[in-house]
Structures are given as C-alpha cells and as structure tokens.
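Under the numbering used here, the first residue of the sequence shown carries the number 46, and numbering increases by one thereafter.
All residues carry an ideal CB built from backbone N, CA and C; glycine is no exception.
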Amino acid sequence: MTTVARPFYIAFRYSNILRTRLIPPQSQQVSRLVRSYTNPSSPRYLAPQQSTATASAATATSRVNSSVSANDDTQEKRAGEIKDAKLIFNQAWKNIEDHYGRENIHLPREFIFLMGAPGSGKGTHTPSILRARGITNPPISVSQLLQTPECKELINQGQMISDRYVIELVLHAMLDCDPSVGVLVDGFPRTDIQVEALKMLHEKMAELRREYYHTDRRDQFPRPVFRICVLYVDEDISVQRQLARGKMIREHNLEVKKTGQGVFWEERVTDNDESVIRNRYAIFKAHYGSLLKLSKMFPFHLINATGSIMEVMEIILREFEYQSSLELESDTYDAISHIPLATSIGVHARQELISRLEHYQDYEPILLHHAIQFIDDHIIPQVTRHSISGHARIRTEDPMLGDSHFVDIVMDVLSERGYHVSFDERTHHEPVRVDLTTGKIELQTQHTYMLSIHFPKHYIRALEQKFH
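Structure below.
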C-alpha cells in the first residue's frame with residue numbers, strides 16, 4: 046500500500062488534529078444523516094449554490110417587474126433564512142441535550158472561529174493563533190469532520206453538506222474538548238444559516254450561565270467569548286499559491302515514484318486547476334458577506350495574510366493580545382478598570398519627570414540641593430562599587446529618608462540619570478528599658494530604609510575568551 050503524506054506546512058491542520066469526535070451512537074447514523082440532510086426534496090437542506098442561484102433568479106425577475114417587490118423578496122428571503130436557521134439549530138441543540146443532558150453541556154469559554162481565503166495559510170498560521178491565546182485543545186477542523194465516504198462523494202460532486210449536519214458535528218466536537226481552555230474551530234461558519242446558528246449558540250451558552258449562575262455548577266458555565274478571525278489574500282495571490290503548492294507536490298511525488306524513496310504527499314484536486322481555484326475563491330467571497338454579519342456582535346479580526354510567514358505571525362500576535370474588556374465578567378472589569386494599564390502609565394512619565402525637577406529647582410532649591418548631596422555621599426559610592434553587577438542596595442537609618450517628599454526628589458534625580466529605583470521602609474521596635482516594679486517594657490522605634498537601584502551591567506570578558 047502506498048503511503049501518502051503532506052508537507053509539514055500543509056499537514057498541520059490534518060495531522061494530530063482530531064480523534065474520532067462523534068460518539069458511537071452518532072457515528073452509526075452518519076450515512077443515514079448525510080442522505081437525509083442532503084435530500085434535494087427538502088428545500089431547507091439544499092446546497093448553498095442551489096439556494097443562491099434560485100434567490101438570484103427570483104431577485105433578477107423582480108427587479109424587472111418592480112424595485113419595491115425586489116426589496117420585499119429580499120426581506121422575505123432573509124426572514125426565511127433566519128426562520129430555517131432557528132429550526133435547524135434548535136433541532137441540533139435538542140439532539141445534543143437529549144444525548145448529554147442539559148447540565149452536562151460543558152463548553153470551552155473561548156472560541157476562535159477561523160476562516161480564510163484559499164491559499165491564505167490557515168494551516169500554517171493556526172499554531173501562532175493557538176500560542177497567542179494559550180489554547181491547548183487540538184483545533185476542530187470541519188473539513189476533517191466531513192471525511193466520511195458519503196461526505197467525500199458529495200464534496201467531490203461539488204455539493205455542499207447540509208447545515209444541520211455540520212452544526213451537529215461541530216457541537217459534538219466542541220463537547221469533546223477540555224472545557225477549561227479555549228478551542229479554535231477551522232472552517233465554521235460558512236453559510237448564512239451557520240452564521241445565524243453561531244449567534245444562537247452564543248445565546249444558548251449565555252442562557253446556561255444565567256440558569257446555573259447561583260448554583261454550585263456556576264464555574265462549569267463560563268461567560269462565552271467568541272472571536273472571528275479571517276485570513277485574507279486577494280484572488281491572484283490565492284491562485285498563485287495553490288498552483289505552486291500543487292506543482293511542488295507533483296514534483297515531489299514524481300521523484301518518490303522515480304527513486305522509490307520517501308513517501309507520497311497527498312495531492313489536492315483543487316491545486317491543479319485554475320478554474321476550480323477561482324471558483325473556490327468566489328465561494329469564499331460569498332461566504333465572507335455572511336461573516337461580516339458577525340462583526341457587529343463579536344470581536345472580528347481581519348488578518349492581511351499576503352506577507353511572509355513571520356510578518357503574518359506578528360500581525361496575529363498583536364491581534365490576539367489579552368483584552369480584559371472582552372474576557373472578564375462585566376462586573377469584574379468595572380471593578381478594576383480604573384487602575385491604569387501598565388502599557389499606558391509611562392506614556393507621559395518623561396515629561397512629568399522634567400516638570401517636577403524644574404519645579405524643585407524653582408521652588409525648593411535647598412531641598413533639591415540636600416537630595417543631590419545625599420546621592421553624592423551615600424548612593425554613588427555604592428553604585429560605583431557594584432558597577433559590574435548592575436544592582437546596588439543601600440540600607441540606612443538616615444532620618445532624612447523619613448520625609449517622603451525628600452525620597453521623591455532623590456528618586457526623581459536618579460531616574461533622570463537613567464537609574465531604576467525602588468524604595469522600601471521597615472519599622473521595628475527594640476526594648477530599651479524595663480520597669481522592674483510594673484514589668485512594663487519601654488520600646489524604641491527604629492526605621493530602616495532601603496533603596497534598590499538597577500542600572501546597565503558591564504560585561505568583562507576573560508582574557509582567554511578574548512584571544513580565542
């Protein structure tokens with residue numbers, strides 16, 4: 046039997062991604078589900094291409110007749126899609142509840158729904174997204190979930206698998222994840238109905254949280270965080286990348302066949318025909334319109350994937366930085382949001398430091414002089430002694446440091462000169478006298494002050510290293 050493999054940068058999304066995610070009873074019904082969900086006699090489950098074509102024809106006819114009726118038809122079509130989406134999602138959700146039990150529907154807190162133009166590098170960049178968000182669950186790839194023979198036959202014929210079937214598969218896969226961390230879903234949602242179903246899933250998760258909020262199961266139903274991520278490249282780049290990938294794989298397989306060494310890489314039918322590739326891109330553009338509807342509800346990350354792998358990775362890491370307003374409960378965020386962010390607190394620090402120093406010189410020159418003298422006498426000698434280590438600690442009981450304003454001046458002067466300074470004060474009590482008659486112990490309070498000063502290290506290479 047011939048071994049088939051993918052190159053590592055193509056294969057990530059297919060290797061070590063999914064175990065068998067359908068539970069045994071569900072997997073036994075796959076063939077029947079596919080046949081019933083793709084039955085052309087059922088209008089709700091028609092392939093999206095068929096639905097779109099029908100709608101387009103109706104719209105074109107109505108435009109000829111009346112622009113008003115065209116608007117009415119569009120609204121009716123939209124209302125019909127939402128109605129169908131509710132029916133489809135509610136049935137899928139009912140099946141999930143019947144199987145697992147409502148109280149056992151433990152879904153991950155964070156979902157990243159990843160879509161991308163063909164050739165945009167979803168498989169290549171998935172590890173960067175997972176790393177940026179600390180997600181350890183394997184990605185859920187819808188294309189992998191649809192690898193049954195029946196699904197493959199329909200896909201090869203250019204037909205689409207029904208929305209209800211896809212939704213139920215994705216829900217099972219989500220429940221197979223570790224709910225304590227997030228999960229990335231690759232290739233969902235794609236259709237208008239799936240987009241509506243995603244909104245309903247968010248509503249269901251919020252409903253479960255409200256239902257169990259005041260019970261001991263509260264932590265099992267976290268506030269859902271949905272993010273939509275789309276990797277984008279224009280059509281010409283998409284075509285170029287896929288044709289290049291197909292050519293590379295064919296050349297590799299030809300070499301393996303010729304030499305008998307190595308393993309075959311799996312060839313994608315869609316990587317060899319430019320017309321097929323452009324058709325795939327047109328389908329992506331049509332689906333992108335559906336995704337835009339989610340941008341009003343959830344964080345929407347549109348990533349320009351045209352650059353190099355490293356350039357795109359940097360964009361992804363910036364896009365997926367921690368955002369407390371999205372990830373914390375609203376009450377928690379409101380309680381702490383008044384504390385300034387570490388990234389913003391030093392924005393004007395330099396200008397404020399200069400203003401304070403000028404103020405000391407203009408209005409408190411004597412106190413500024415005493416602070417400079419203290420630095421010269423007590424701090425600089427210790428800093429010089431520890432110049433190689435880059436860190437000096439000065440402990441003293443000098444009462445001048447008991448004045449917090451004097452300490453501020455000292456720290457400002459040192460900061461202006463490039464030192465990083467922190468200050469600590471310790472108070473302890475020592476017995477100095479005992480009244481033998483009453484047994485009362487008289488205590489004396491002692492104050493110890495410590496300045497911790499950091500500055501750039503100076504590295505000295507050993508002579509033998511230098512001449513090596």
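Sequence-distant residues of its chain with Cβ nearer than 8 Å to residue i (five each side left out)
i	result
residue 479	485, 486, 487
residue 430	437
residue 398	457, 460, 461
residue 354	166, 169, 170
residue 257	148, 263, 265, 266
residue 10	Not covered by the structure: residue 10. The range shown for the chain is 46 to 513.
residue 131	241, 245
Alpha-carbon spacing of residue i relative to residue j, whole angstroms
i	j	result
residue 67	residue 138	Because residue 67 carries a pLDDT of 35, less than 50, the predicted location of this residue cannot be relied on, and the following value inherits that uncertainty. Computed Cα separation, rounded: 15 Å.
residue 441	residue 382	38 Å
residue 358	residue 173	6 Å
residue 389	residue 199	54 Å
residue 146	residue 253	12 Å
residue 502	residue 308	53 Å
residue 361	residue 169	12 Å
residue 495	residue 391	24 Å
residue 322	residue 380	51 Å
residue 473	residue 466	23 Å
residue 356	residue 393	30 Å
residue 183	residue 212	18 Å
residue 192	residue 136	23 Å
residue 448	residue 470	11 Å
residue 144	residue 220	11 Å
residue 518	residue 255	Summary: the structure shown does not reach residue 518, with the chain confined to residues 46 through 513, and so no result is reported for it.
residue 330	residue 296	31 Å
residue 202	residue 167	24 Å
residue 261	residue 376	20 Å
residue 352	residue 159	18 Å
residue 387	residue 366	14 Å
residue 404	residue 410	9 Å
residue 129	residue 287	35 Å
residue 483	residue 477	15 Å
residue 314	residue 324	13 Å
residue 155	residue 218	14 Å
residue 481	residue 408	53 Å
residue 284	residue 350	14 Å
residue 304	residue 292	18 Å
residue 306	residue 204	37 Å
residue 320	residue 395	59 Å
residue 310	residue 259	54 Å
residue 435	residue 406	29 Å
residue 468	residue 426	18 Å
residue 439	residue 450	18 Å
Proximity below 7 Å, CB of residue i to CB of residue j
i	j	result
residue 312	residue 328	no
residue 141	residue 216	yes
residue 343	residue 424	no
residue 318	residue 290	no
residue 337	residue 165	no
residue 416	residue 428	no
residue 326	residue 280	yes
residue 206	residue 196	yes
residue 133	residue 235	no
Assumed close pair residue i, residue j - CB separation to whole angstroms, cut-off 8 Å
i	j	result
residue 162	residue 278	5 Å
residue 237	residue 335	5 Å
residue 227	residue 150	Residue 227 to residue 150, Cβ: 17 Å. No contact.
residue 224	residue 153	5 Å
residue 524	residue 413	For residue 524 there is no data in the structure shown, the boundaries of the chain being 46 and 513.
7 Å CB neighbourhood of residue i in its chain, flanking five on each side removed
i	result
residue 475	488, 489, 491
residue 364	346, 348
residue 446	452, 494
residue 250	152, 269
residue 180	226, 227, 228, 229
Residues near residue i in its chain [Cβ-Cβ closer than 6 Å; skip 5 each side]
i	result
residue 464	498, 500
residue 433	503
residue 401	457
residue 214	190
residue 271	156, 247, 343
Three or more beta-carbon pairs under 8 Å between the region 182 to 194 and the region 220 to 231, yes or no?
yes
For the 8 Å Cβ check, are there 3 or more pairs between the region 239 to 246 and the region 165 to 184?
no
Determine, using beta-carbon pairs with one atom in the region 296 to 307 and one in the region 256 to 275, whether at least three such pairs fall under 8 Å.
no
Contact between the region 404 to 420 and the region 453 to 467 (3+ Cβ pairs under 8 Å)
yes
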